[in-house]
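Everything below concerns the one structure shown next.
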Amino acid sequence: AWPPVVTASAATDRIGRAVDGKLNTAWSAIAIAGQWVQIDCRQTRPIRHLTLDQSGHAGDFPGPIDVYVTDDPAQPGAVRVATSGRRDKTVIDLPAGLHGRYVIIRTTAKRPNGNWAISEIRIE
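Printed below as a string of structure tokens:
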């Protein structure tokens, strides 16, 4: 069921741009600790890879992030991957056999002098 329902802790009025199928639009916010983006896939499904495409905003990537996959966003459970953003595209491989309805990406530290942008989110 695409596009998923996407919410964010910042720039909430623009988060829909991250799943609108257009690389020339983007969600963007200042990259500070504690920000989050939540992706509701509308049903439990396998989650193997997550791509945060920053096309057009190559230098606007998150700093350190934790990724959760859960069926209950109020209690997301254990961090499934701890990583850092990358220029152009942040590609995240998740553990084999992981299923969930929600993917939550949470920043854990400020990235000095930077924003965090997402032109498109892809989930495989």
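Read left to right, the sequence shown gives residues 13 to 136 (our numbering).
In this text, a Cβ means the ideal position worked out from N, Cα and C, and glycines have one as well.
* Is Thr120 helix, strand or coil when you go by DSSP? -> If DSSP states are grouped into helix, strand and coil, Thr120 belongs with coil.
* To do: Kindly indicate which three-state DSSP category Ala20 falls into: helix, strand or coil?
  => DSSP places Ala20 in the strand class (E or B) of the three-state scheme.
* Asked: Pairing CB atoms from the segment 15-23 with CB atoms from the segment 42-55, are three or more of them under 8 Å?
  -> Between the segment 15-23 and the segment 42-55, the count of Cβ pairs shorter than 8 Å is three or higher; the stretches touch.
* Buried versus exposed, by CB contacts within 10 Å (16 or more), Gln87 -> Gln87 comes out exposed.
* To do: With a cut-off of 8 Å on the beta carbons, I'd call Ile59 and Thr119 a contact; round off their distance for me.
  => A Cβ-Cβ distance of about 19 Å is found for the pair Ile59 and Thr119, leaving them out of contact under the 8 Å criterion.
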